[in-house]
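First up is the structure itself, then whatever we jot down about it.
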Amino acid sequence: MLVFSMFSSVVADAAAPLGISHSRMMPVDNIANHGSTMVELPDGTLFSVWFNGNGERDGNLTKLIGSRSKDGGKTWTEPFVVYDTWDFPDNNPVLFVDSQQRLWLFYGVIYNGQWVSTQTKFMYADKGNYEYAARNGENAKWHYPQPIYTNVGDGMFGEGTYSNGKWNYRIKGADIKFVNPSKVTPTSPLDPSQYVAVTTKFGGGTRYITDSFVVQMRNKYDQYVSYLNSAKPYDDVYAGRTDEIITMLTTGVSVKEPSIIKNSIERASGADNDVNTWGPIYRRLGWQTKNKPIEVTLADGVTKRLILPLYSDSLSNSVCAYTDDHGITWKFSDPIVGSGTIQGSLIQKKDGTIRGYFRSGKLDGRNGRMAWHTTYSESTDYGVTWSVPKVDPYLKNDGGFELSRLPNGDWLIATNQETARSAVKPKQDGNRNSFSLLLSSDEGLTWKPIMIKDGMNNKETYEYPAVVVDSAGNALMNYTYKIPTGSGEDRTIGFSKIASSEMGTLFDSVMTATYGAGSSPFIDSVTMLPTIELQVGQATQLTYNLTIGGQSSNATIDTLTLTSDLPDVAATNTTTGVVTAIKTGTAMITAVSNNYGTIYKCIIKVTQ
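Per our numbering, the very first residue in the sequence shown carries number 365; after that it's consecutive.
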């Protein structure tokens, strides 16, 4: 641990901010504890739920458990069972309190051990049936679970016939909407933008699929690929990265990793389902929850709409389910497609536009390994239709993340922002060994980061970080916390907090560094970070100064964590702050203030 006594300037008597506080919601365990969600209840207490058991999608003992806190997250009750679907895993819980003070719990039940078999359900508890005192710190009194029947796209209307200048369909058919290609002639035309030619793998030939959901997927993918070709938004990682992603989307890179566009459209069409070919099962099941809904007021100024983001690993895209009648009926948006747009988090802008940020993913559950940038899409009609996504130039992720809003309108996002660079080529890989909280005061145009947890040295991981803002404006974070042991890893649910009174202080803190004699830093044109060159065997002394709240800090209030992402290239001495060049290459040195999350990075280029 590099202590702040190495700082170049100190202040002796300034009151130190408290900084980031941490606790755990449960004792460590060696079974699955993951997918936590948290909400502040109207009585001011905190309620968190996560899934716990012998696996995720294939754990027959996996159930929803919860814990409560009535002291702002310092201590938590002993975990209790919230709901257990007997012999089936329950996953990805989502808590939300709406404007009527109804407590909602959304989650998924997995029927056959595969994500594609997920059924989204919800329960709710009315005011007076969930408060800490009313339930003695235990489970809420829930209404019985109800499914959300995700009938995205059109119904099973079968084959179309041409008459009176248009294609007509039956009220009820055995398949999703299609036109037989042989029936399309100059006298019975079909606009190419209104169908997708799909060939089944099971002897059923080729059909022109006219189902609106499938057609929207194809048309939006065309627009998204055009955007990628024009903007090259992933080339900040390295030249040609965008083209690699286009290849993954359009043609695939191997037999095991075929075209994401082709596979997702085939699945949405039922073309690769040998049980019921041309059926819509892949888009009626498989939709999963991850992040909270948002509640918006419609244009009439009265109606409240609850909008819940759902995603499909099978289809590698998302939709939004929405209800205007408190869950009695649900409707669904058009598809949100892109670089595997999954696990969306929604926030409403000042002009009423809804923006959704999405994790990058792949098919077959290999999500998150495609591109580390998040993408975003917007809706101007209260979540019904969504724009073609764009790649956010700054935000990254290696798993789930969540957004929230401060009372002053600023945005927060909890995410695995930091990337691990590969020694093989200048490629960025995500990692879960740290997670950050980022703040935007301009609705996502720019972001300021602080690091909440850094486990690069001890290999701890912090997965699926989420953030909510309580009624006092405090930022409350929850995450899966994995701690390496000699025989594996222990798991718990972590909790971190930043007080509202210190939010600005922490995000405005600045760390600087001075380098040893003979080390003259320059700004690298690729990383835009301070860079120094050392020869093998040389060393330099790094001395840090943290300015927080307008004052320079001292050793009595904080410590630093100092890491090298490639210690075999440049090694750090955590006691002295000396960095030693070991072999040729490039290493990134990161210093993090443990109490305040302030980050400083520099590059060490090692030559012979």
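Idealized CB from N, CA, C, for every residue including glycine.
Next item on the list: Give me the Cβ distance between Ser678 and Tyr646, rounded to the nearest whole Å; I'm assuming they're in contact under 8 Å.
Entry: Counting from one through the sequence shown, the residue named residue 678 turns up at place 314. Counting from one through the sequence shown, the residue named residue 646 turns up at place 282. Cβ-Cβ separation between Ser678 and Tyr646: approximately 5 Å, consistent with a contact (criterion under 8 Å).
Next item on the list: Can you give me the start and stop residues for the alpha helix (DSSP H) that Gly868 sits inside?
Entry: The sequence position of residue 868 within the sequence shown is 504, counting from 1. Run containing Gly868: 867-871, per the alpha helix (DSSP H) assignment.
Notebook entry, point to check: Do you know how far the Cα of Gly501 is from the Cα of Asn838?
Noted result: Here residue 838 is taken as the residue at index 474 of the sequence shown, counted from 1. Here residue 501 is taken as the residue at index 137 of the sequence shown, counted from 1. Whole-angstrom Cα-Cα distance: 22 Å.
Notebook entry, point to check: Helix, strand or coil: how does DSSP classify Asn583 here?
Noted result: Position 219 of the sequence shown holds residue 583. Three-state DSSP puts Asn583 in a helix.
Checklist line | Gly747 versus Gln712 - alpha carbon distance | finding: For the purposes of this step, residue 747 is taken as residue 383 along the sequence shown, with counting starting at 1. For the purposes of this step, residue 712 is taken as residue 348 along the sequence shown, with counting starting at 1. Each residue's Cα considered, the two are about 10 Å apart.
Margin query: Using only the alpha-carbon positions, how far apart do Gly858 and Tyr964 sit?
Written below: Residue mapping note: residue 858 aligns to position 494 of the sequence shown, counting from 1. Residue mapping note: residue 964 aligns to position 600 of the sequence shown, counting from 1. Straight-line measurement puts the Cα of Tyr964 at about 25 Å from the Cα of Gly858.
Next item on the list: Using the DSSP secondary-structure output, state which residues sit across from Met487 in a beta bridge.
Entry: Along the sequence shown, read from residue 1 onward, the residue named residue 487 stands at position 123. Partner(s): Leu469.
Check: Do the CB positions of Ser800 and Thr825 come within less than 8 Å of each other?
Finding: Translated into the one-based positions of the sequence shown, residue 800 becomes position 436. Translated into the one-based positions of the sequence shown, residue 825 becomes position 461. Not a contact, by the Cβ cut-off of 8 Å.
Next item on the list: Kindly list the residues whose CB is nearer than 6 Å to the CB of Asp989, restricted to its own chain and excluding five residues on each side of it in sequence; keep chain order.
Entry: Residue 989 is absent from the structure shown; the chain starts at 365 and stops at 972.
Next item on the list: Would you identify the three-state DSSP class for Asn544, choosing helix, strand or coil?
Entry: Position 180 of the sequence shown, counting from 1, holds the residue named residue 544. Residue state, collapsed to three classes: coil.
Check: Which of the three DSSP states, helix, strand or coil, is assigned to Ala376?
Finding: Here residue 376 refers to the residue found at position 12 when the sequence shown is read from its first residue. With a pLDDT of only 34 at Ala376, under 50, the local geometry of the prediction cannot be trusted, and the value read off the model is given with reservation. Secondary structure of Ala376 (DSSP, three-state): coil.
Check: With 8 Å set as the bound, which would you pick, yes or no: does the beta-carbon of Thr869 sit closer than that to a beta-carbon of chain B?
Finding: In summary, chain B is missing from the structure at hand, where a single protein chain is found.
Check: Whose CA, out of Val942, Gly763, Ala498, Gly665, lies closest to the CA of Gly901?
Finding: In the sequence shown, the residue the question calls residue 901 occupies position 537. Ranking the options by Cα distance to Gly901, first place goes to Val942.
Check: Which one or two residues does DSSP pair with Lys695 in a beta bridge?
Finding: Position 331 of the sequence shown holds residue 695. BP columns for Lys695 point to Tyr686.
Note to self: If the criterion is Cβ atoms closer than 8 Å, does the pair Ala497 and Lys565 meet it?
What the structure shows: Within the sequence shown, numbered from 1, the residue matching residue 497 stands at position 133. Within the sequence shown, numbered from 1, the residue matching residue 565 stands at position 201. Taking 8 Å as the Cβ cut-off, Ala497 and Lys565 do not qualify as a contacting pair.
Notebook entry, point to check: Quick one: what does DSSP say Thr478 is sitting in, helix, strand or coil?
Noted result: On the sequence shown, residue 478 is found 114 positions in, with the first residue counted as 1. Correcting the residue identity first, residue 478 is Gln in this sequence and not Thr. If DSSP states are grouped into helix, strand and coil, Gln478 belongs with coil.
Next item on the list: Would you tell me roughly how many angstroms separate the C-alpha atoms of Lys438 and Arg499, rounded to the nearest one?
Entry: If you number the sequence shown from 1, residue 438 lands on position 74. If you number the sequence shown from 1, residue 499 lands on position 135. Cα-Cα distance, rounded: 20 Å.
Notebook entry, point to check: Just to confirm, are Val461 and Val403 a CB contact at a threshold of 8 Å?
Noted result: To locate residue 461, count along the sequence shown from 1; it is residue 97. To locate residue 403, count along the sequence shown from 1; it is residue 39. Yes; because the gap between Cβ atoms is below 8 Å, this pair is in contact.
Notebook entry, point to check: Can you tell me the Cα-Cα spacing of Ala603 and Thr891, whole angstroms?
Noted result: Position 239 of the sequence shown, counting from 1, holds the residue named residue 603. Position 527 of the sequence shown, counting from 1, holds the residue named residue 891. If I take the Cα positions, the gap works out to 13 Å.
Item checked: Residue nearest to Ile700 in terms of C-alpha spacing, selected from Lys754, Lys656, Thr687 -> Looking up residue 700 in the sequence shown gives position 336. Closest by alpha carbon: Lys754.
Check: To which residues does DSSP link Phe765 through a beta bridge?
Finding: What you label residue 765 is simply residue 401 of the sequence shown in a count that begins at 1. Phe765 is not bridged to any residue.
Check: From Leu469 to Phe411, what distance separates their C-alpha atoms?
Finding: For the purposes of this step, residue 469 is identified with residue 105 of the sequence shown, where counting begins at 1. For the purposes of this step, residue 411 is identified with residue 47 of the sequence shown, where counting begins at 1. When rounded, the distance between both Cα atoms is 11 Å.
Check: In this structure, does DSSP put Arg647 in helix, strand or coil?
Finding: In the sequence shown, the residue the question calls residue 647 occupies position 283. Looking at Arg647 - three-state DSSP - the assignment turns out to be helix.
Notebook entry, point to check: If you draw a straight line from the C-alpha of Trp775 to the C-alpha of Gly808, how long is it?
Noted result: Position 411 of the sequence shown, counted from the start, is the residue given in the question as residue 775. Position 444 of the sequence shown, counted from the start, is the residue given in the question as residue 808. Put simply, the backbone Cα of Trp775 is about 7 Å away from that of Gly808.
Note to self: Between which residues of its own chain and Asp407 is the CB-CB distance below 8 Å, once the five residues before and five after are set aside?
What the structure shows: Residue mapping note: residue 407 aligns to position 43 of the sequence shown, counting from 1. Cβ neighbours of Asp407 beyond the five flanking positions: Glu495, Tyr496, Ala497.
Next item on the list: Pick out whichever of Lys969, Pro829, Gly764, Ser889 has its Cα sitting closest to the Cα of Thr904.
Entry: Against the sequence shown, residue 904 aligns to sequence position 540. Minimum Cα-Cα distance from Thr904 among the listed residues Lys969, Pro829, Gly764, Ser889 corresponds to Lys969.
Margin query: Can you tell me whether Ala595 is helix, strand or coil according to DSSP?
Written below: Residue 595 sits at position 231 when you count from the first residue of the sequence shown. Three-state result, Ala595: helix.
Checklist line | Where Tyr721 sits in the DSSP three-state scheme | finding: Position 357 of the sequence shown holds residue 721. The answer is strand: DSSP assigns Tyr721 an E or B state.
Margin query: I'd like to know if the region 553-562 and the region 515-523 are in contact, where contact means that at least 3 CB-CB pairs between them fall below 8 Å.
Written below: With a cut-off of 8 Å, the region 515-523 and the region 553-562 do not count as touching, because too few Cβ pairs lie within range.
Notebook entry, point to check: Among Tyr513, Ser676, Asp688, which residue has its Cα nearest to the Cα of Thr661?
Noted result: Locating residue 661 in the sequence shown gives position 297, where the first residue counts as 1. The shortest Cα separation from Thr661 among Tyr513, Ser676, Asp688 belongs to Asp688.
Check: Skipping 5 residues on each side, what residues in its chain have a beta carbon closer than 8 Å to that of Ala935?
Finding: Position 571 of the sequence shown, counting from 1, holds the residue named residue 935. Closer than 8 Å at the Cβ level, and outside the excluded window around Ala935, lie Ser928, Val943, Thr944, Ile946.
Margin query: Spatial neighbours of Lys434 within its chain, please: C-beta separation below 7 Å, excluding the five flanking residues on both sides.
Written below: As a first step, residue 434 must be located in the sequence shown, where it is residue number 70. Same-chain partners within the cutoff: Thr409, Tyr496.
Next item on the list: Return the residue from the list Ser463, Leu459, Gln465, Asn503 that minimises the CA-CA distance to Phe486.
Entry: As a working mapping, residue 486 is identified with position 122 in the sequence shown. For Phe486, the nearest C-alpha among the options comes from Leu459.
Next item on the list: Label Asn918 either buried or exposed according to how many other C-beta atoms from any shown protein chain fall within 10 Å of its C-beta, with 16 as the threshold for buried.
Entry: Residue numbering aside, residue 918 sits at position 554 when the sequence shown is read from its first letter. Per-residue confidence for Asn918 stands at a pLDDT of 49, beneath the threshold of 50, marking its modelled position as unreliable; the derived number appears in the next sentence. Asn918 counts as buried, since at least 16 other C-beta atoms from the protein chains shown sit within 10 angstroms of its C-beta.
Notebook entry, point to check: Start and end of the alpha helix (DSSP H) containing Leu613?
Noted result: In the sequence shown, counting from the first residue as 1, residue 613 sits at position 249. Its alpha helix (DSSP H) spans residues 605-614.
Notebook entry, point to check: Between Asp818 and the rest of its own chain, which residues show a CB-CB distance below 7 Å, the 5 nearest in sequence each way excluded?
Noted result: Looking up residue 818 in the sequence shown gives position 454. Excluding residues within five positions, the ones whose Cβ falls inside 7 Å are Ser798, Thr925, Val956.
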